[in-house]
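Q: Before I ask anything, let me first share the structure, which is written out below as structure tokens.
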Amino acid sequence: MCAARCVPYLLLLMNASADPVRGHRYRAVFISDVHLGTRGCRSDFLADFLRRMSCDRLFLVGDIIDGWRLRKSWYWDDQCDEVLRLILRHARDGAEVTYIPGNHDEMFRAWLPLGLEIAGIRLRKEAVHTTFDNRRLLVMHGDEFDSVVRYAKFLAYLGDGAYTAALSLNTWFNAVRRRLGYPYWSLSQWLKRQVKEAVKAIDRFEVALAGEARRRGFDGIVCGHIHQAEMRDVNGTLYINDGDWVESCTALVEHHDGRLELVEWAELNRLSFFAPRTGVPATA
Ligand SMILES: [Mn+2]
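Numbers in the numbering used here are just positions in the sequence shown, counted from 1, shifted up by 147.
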């Protein structure tokens, strides 16, 4: 009977030691393009990832918070709060956290010369990460190379579904044009050309960033910005893009043996993009 009485206390004890439930342990984690403050941001998925992993180093590679000074429609919910709280908790628990501002959170760039460290989070223009197996990686957001990538944003909005819809729209579009006496104009051809340009632009971006890393004597580069997760060899230099938390919900992780991996968190955990977000929208 004593044992029976002890059970609740034992459970309590187990609970205490099981906090937090962090199944994944990494040497380093890189995330970018979270766009907190916009409706597209999957802060709920990111909170889930941040809650269930621990790491020695956490790199926030730009566009984490989306321009609160510039945007008219600011969207903030409980999950956005939770993401910030969990980042602060990682810092408190001993992770070395580095925040590299991107172009959407460029308001922090003005603070760079101050060499700030707030609540254990270092603010840097760029960073260097050395993997366990001694590869030196340059870490930057990547918008510095915007001139080569003008079409990439377009690609992000143009999925297969959008393309199919555009094709049927084209029929209607040209029916109207004919009635108004204009010649036929192929929307689908135009879209195809745009997609081709976007693919070329992404390639130019990857080549440009890998080239920058090589010129400066690094083994590789970690960046974000174009929302296209990728890890590939570009002429002998490692190019890694950690993706985003709007659509792909990806993070780059370094395991303790130095192995680098792109984690597709939503895919891995079968998180549904149709699931309602569990947060209360901000009113302002
Ligand atoms: Mn960006």
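A virtual CB, placed ideally from N, CA and C, is assigned to each residue, including glycine.
All values derive from a computational prediction rather than experimental measurement.
Can you round the beta-carbon distance between valine 393 and histidine 374 to whole angstroms, since I take them to be within the 8 angstroms contact cut?
A: Indeed they touch by this definition, with Cβ atoms about 7 angstroms apart.
Q: How far does the beta strand (DSSP E) with serine 294 in it reach, from first residue to last?
A: It is not in any beta strand (DSSP E) - serine 294 carries neither H nor E in the DSSP assignment.
Q: Alpha helix (DSSP H) containing leucine 183: first to last residue?
A: From DSSP, leucine 183 is part of no alpha helix (DSSP H); its letter is neither H nor E.
Q: Could you check which residue in Glu253, Leu270, Val244 has the C-alpha nearest to that of leucine 261?
A: Checked all of Glu253, Leu270, Val244; the closest Cα to leucine 261 is Leu270.
Q: Using a threshold of 7 angstroms, is the CB atom of histidine 402 nearer than that to any non-hydrogen atom of ligand 1?
A: No.
Q: Once DSSP output is grouped into helix, strand and coil, what is the label at histidine 237?
A: DSSP places histidine 237 in helix when its eight states are reduced to three.
Q: Consider the Cβ of arginine 198: report whether some Cβ of chain B lies at a distance smaller than 8 angstroms.
A: Annotation note: the requested chain B is absent from the structure, which comprises a single protein chain.
Q: Alanine 398 and isoleucine 178 look like a contact to me (Cβ under 8 angstroms); what is the Cβ gap, rounded to whole Å?
A: Sure, about 5 angstroms apart at Cβ, within 8 angstroms.
Q: Out of Lys339, Leu205, Leu235, which one is the CA nearest neighbour of histidine 402?
A: Residue Leu205 is the option with its Cα nearest to histidine 402.
Q: Say the cut is 7 angstroms; is the CB of asparagine 250 nearer than that to a heavy atom of ligand 1?
A: For ligand 1, at least one heavy atom lies less than 7 angstroms from the Cβ of asparagine 250.
Q: Considering only heavy atoms of ligand 1, does any lie closer than 7 angstroms to the CB of glycine 209?
A: Glycine 209 Cβ: within cutoff of ligand 1.
Q: Beta-carbon within less than 8 angstroms of leucine 143's beta-carbon, same chain only, minus the 5 sequence neighbours each way: which residues are those?
A: As shown, the chain starts at 148 and ends at 431. That puts residue 143 outside it, with no answer to give.
Q: Which class does valine 346 belong to by DSSP, given the choice of helix, strand or coil?
A: Note: valine 346 maps to helix in three-state DSSP.
Q: So does the stretch 402–417 actually touch the stretch 231–249, counting three or more Cβ pairs closer than 8 angstroms?
A: Cβ pair count under 8 angstroms is below three, so no.
Q: Can tryptophan 221 and glycine 249 be called in contact, C-beta distance under 8 angstroms?
A: No.
Q: Closer than 6 angstroms by C-beta to leucine 263: which residues in its own chain qualify, once you throw out the five before and the five after it? Chain order, please.
A: Around leucine 263: Leu270.
Q: Name the two residues that bound the continuous alpha helix (DSSP H) containing serine 190.
A: Taken as a continuous stretch (DSSP letters only), the alpha helix (DSSP H) holding serine 190 covers 190–198.
Q: Could you give the residue range of the alpha helix (DSSP H) that holds leucine 415?
A: Its alpha helix (DSSP H) spans residues 412–415.
Q: Terminal residues of the continuous beta strand (DSSP E) containing glycine 367?
A: Run containing glycine 367: 367–370, per the beta strand (DSSP E) assignment.
Q: Given phenylalanine 192, which residues of its chain have a CB within under 7 angstroms of its CB, disregarding the five upstream and five downstream residues?
A: Trp392, Cys396, Trp412, Ala413, Leu418, listed in sequence order.
Q: Run through DSSP, which three-state label would serine 333 get?
A: Coil.
Q: Over what stretch of residues does the beta strand (DSSP E) that includes isoleucine 387 continue unbroken?
A: Its beta strand (DSSP E) spans residues 384–388.
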